[in-house]
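Participant: Submitted below is the structure of interest, expressed as structure tokens.
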Amino acid sequence: MSSAAAVADVIEAFKQRGFGFVGKTDDGWFRLHGRLTPLQADKGYPCEVQLDPAFFDLPRIRLLEIPPELPTAVPHLGADGGLCYLAKGTVVLDIYDPVGQSLACLQRAAVVFGQIMQGEMVEDLAEEFFAYWHGWHCFVDMQREDLGRQKCLVAQANDYPLWFITDNEDRTNEKLKSLGYQVTDRTVLTYRVKTGAQPRPLISHWPPETVGDILAWQSTLDPRCRRKIHERIKEGDRKKANGVLILIESPLMTYGFAVRYDRQSPGQKSKTADRRDSSYGLKVVPLSVVRIDDRYLAQRNIPKSKTLAGKNLALVGCGTIGGYLSDMLIKAGAGTCGGKLTLVDFDCLLPQNIGRHRLGFPDLLSNKAEAMAKELRRLAPGAEIRALPVDVRQAQLGELDLLIDATGEESLGHWLCGHYPPPTPMLSVWIEGPGTAVRALLRTNASGACYRCLWHSNRRGELRSTIDPLPAILAGHGCEGLYVPFPASVSVHAASLGAEMTLDWVNGVYSPALRTRLIDRAQQLATPDCDPPRDRECPLCNL
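Here you go:
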């Protein structure tokens, strides 16, 4: 079907629902006028539907008259009548069914409009306030929840000033350096207030242009927060500041605005102005507040789970598994909020390692632990990462929350089990055969199997990864020596399994303790995920 035919069919389908074609928008979308009727309602409200000629984007739906019975601030409805009825990206539009998808969007808009009229919230549009609050960027790097006066750094990027609110200048400076931003000696008076109300745009006047508009808006959301904001603005005036930033912490998000004071000479002020509060007329600038704190960066993708923030972790082995795994641990919050990640490896990165290592050619001949720590600090400047370029048998690791063995060396794994017995939790991650399977074992108490226990079980034909014996494939020649070949994708599989079990551990999920992921589909899994007890033959567990 041609595009013109599809458009004609959609317009005809809307016509049957009382919508008529009235023209095009400046960007070429088709405009239709009709009435949007909320579900279970007796009457409809005048609205405009705008259709993308290619049907790739959601139809735009706007009320031409905002119902007078609505309160001054409601969710999902902008001051211009724009209806936020579906979060973009939550559905896949079927471009081959333009009639069906367009009518489905109209139906969805009617449902959301009905919920607005009934005072209900639509949870899948919880972040829609972002669509109504645009402004200069302001970055927040704060771990604590202190309110009141805050520290603001002003950095320069391409001759453009950027604001960074912080509760730890050293940590934030490291982040700015990693971006190549130059920190100036300027600062801005900044205050942080808290509210229990979720932000919603006013449908009568938006966006706010003056302090008076801000205060009137906040009065509809949280009168107590409105008073705190007003007090901070007046405090900045008394301090003779040129301007003030106000950050508002809400249950939904952090948002804010800037106020610039009118510092005219005293002789220009009238006696009437001296007797009234002149702050109401001050201009405000909305701020697009962007969180860059380590807690948020790790927590955003797993909002209902604990992260590795605040934990003391040691990763032994920064090779083909440990390199990728350390990257994943950092992204899960390791080394942040008072925690620490220690990397231990005495070996250097050689040319033959590069094909399946997280590091690359620029780190050739560098110690793996030090090079990996350098790379992770580049990715996460706020994380505390310690590199120990020594044999782990000579390392002083101190008290640990979790020890991770990613060396894949069986004898060293046995040594670690003996030297770090319970109650120190230990996770072993390894690759079996030439990438046949990846496995991991978590030991959290003395009754569970350790890595050495598994060795005894395997010798008896128990707890093996595959039913058939593992292939014995070796490659290499000359001074390179023999090695087990497998691609980097297998290393990533092993690291992912290790990261999965580490996150389970921090969230109190210790079972199944032994997990296997079969990579070679020509093989059959021998041991489902389980919780093996300590082995009766293990000399480490039966002392």
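The numbering of the sequence shown is the working numbering, which starts it at 30 and goes up by one.
Just so you know, even glycine gets a beta-carbon here, dropped at the ideal spot from N, CA and C.
Along the chain, where does the alpha helix (DSSP H) containing residue 199 start, and where does it finish?
Facilitator: Looking at the DSSP string, the run of the alpha helix (DSSP H) that includes residue 199 is 198-208.
Participant: Hey, could you find the ends of the alpha helix (DSSP H) residue 79 is sitting in?
Facilitator: Here residue 79 belongs to no alpha helix (DSSP H); instead the beta strand (DSSP E) covers 74-80.
Participant: Would you be able to state if there are at least three C-beta pairs under 8 Å between the segment 432-443 and the segment 381-398?
Facilitator: Segments in contact, no.
Participant: Work out the CA separation of residue 364 and residue 199 for me, nearest whole Å.
Facilitator: Taking the straight line from one Cα to the other gives about 15 Å.
Participant: Can you tell me where the alpha helix (DSSP H) with residue 487 in it begins and where it stops?
Facilitator: From DSSP, the alpha helix (DSSP H) with residue 487 extends over 480-488.
Participant: With burial defined as no fewer than 16 other Cβ atoms inside 10 Å of the residue's Cβ, what is the status of residue 85: buried or exposed?
Facilitator: Result: exposed.
Participant: For residue 36, which of helix, strand or coil comes out of DSSP?
Facilitator: Here residue 36 sits in helix by DSSP.
Participant: Could you have a look at residue 321 and say whether DSSP puts it in helix, strand or coil?
Facilitator: Coil, per DSSP.
Participant: Have a look at the DSSP bridge pairing and note the partners of residue 457.
Facilitator: Paired residue(s): 434 and 470.
Participant: Can you give, in chain order, each stretch of the beta strand (DSSP E) that sits fully within the segment 299-381 and has at least 3 residues?
Facilitator: Segments of the beta strand (DSSP E) lying fully in the segment 299-381: 313-320, 341-345 and 369-373.
Participant: Judging by CA-CA distance, which residue of 339, 244 and 500 is the nearest neighbour of residue 327?
Facilitator: Nearest option by C-alpha distance: 339.
Participant: Taking contact to mean at least 3 C-beta pairs separated by less than 8 Å, is the segment 200-216 in contact with the segment 243-252?
Facilitator: Contact fails: fewer than three Cβ-Cβ distances are below 8 Å.
Participant: Does the Cβ of residue 238 have 16 or more other Cβ atoms within 10 Å, making it buried, or fewer, making it exposed?
Facilitator: With fewer than 16 other Cβ atoms within 10 Å, it is exposed.
Participant: Roughly how many angstroms lie between the CA atoms of residue 155 and residue 357, to the nearest whole one?
Facilitator: The predicted model places residue 155 with a pLDDT of 43, which falls under 50 and marks its position as unreliable; any figure quoted below should be read in that light. Going from the Cα of residue 155 to the Cα of residue 357 covers about 29 Å.
Participant: Select from 269, 318 and 414 the residue whose C-alpha is nearest the C-alpha of residue 285.
Facilitator: Here the closest residue by C-alpha is 318.
Participant: To which residues of the same chain is residue 472 closer than 6 Å at the C-beta, ignoring the five residues directly before and after it?
Facilitator: Here the set comprises 455 and 479.
Participant: Taking the alpha carbon of residue 569 as the reference point, which residue from 485, 314 and 412 has its own alpha carbon closest?
Facilitator: Comparing Cα-Cα distances from residue 569 to each of 485, 314 and 412, the minimum goes to 485.
Participant: Mind checking whether residue 345 and residue 467 have CB atoms under 9 Å apart?
Facilitator: The answer is no: Cβ separation not under 9 Å.
Participant: Quick check on residue 182: buried or exposed, where buried means 16 or more other Cβ atoms within 10 Å of its Cβ?
Facilitator: Residue 182 is buried by the Cβ-count criterion.
Participant: Might you give, ordered along the chain, the residues of its own chain that have their beta carbon closer than 6 Å to the beta carbon of residue 469, omitting 5 neighbours on each side?
Facilitator: 458, 526, 527, 530 and 544.
Participant: Check whether the Cβ atoms of residue 137 and residue 175 lie closer than 9 Å to each other.
Facilitator: No, the pair does not count as a contact, with Cβ atoms beyond the cut-off.
Participant: Spatial neighbours of residue 522 within its chain, please: CB distance less than 7 Å, with the 5 preceding and 5 following residues excluded, ordered by chain position.
Facilitator: Here the set comprises 467, 546 and 548.
Participant: Evaluate residue 229 with the Cβ neighbour count: other Cβ atoms within 10 Å of its Cβ, from every protein chain shown; 16 or more gives buried, anything less gives exposed.
Facilitator: The residue in question, residue 229, is buried, as its Cβ has 16 or more Cβ neighbours within 10 Å.
Participant: Within the same chain, show all residues whose beta-carbon is closer than 7 Å to that of residue 426, passing over the 5 residues directly before and after it, in chain order.
Facilitator: The residues are 343 and 371.
Participant: Relative to the C-alpha of residue 92, which residue among 67, 482 and 360 is closest?
Facilitator: Nearest of 67, 482 and 360 to residue 92, Cα basis: 67.
Participant: Any idea what DSSP makes of residue 145, helix, strand or coil?
Facilitator: Helix, per DSSP.
Participant: Using the Cα positions of residue 223 and residue 263, report the straight-line distance between them to the nearest angstrom.
Facilitator: When rounded, the distance between both Cα atoms is 18 Å.
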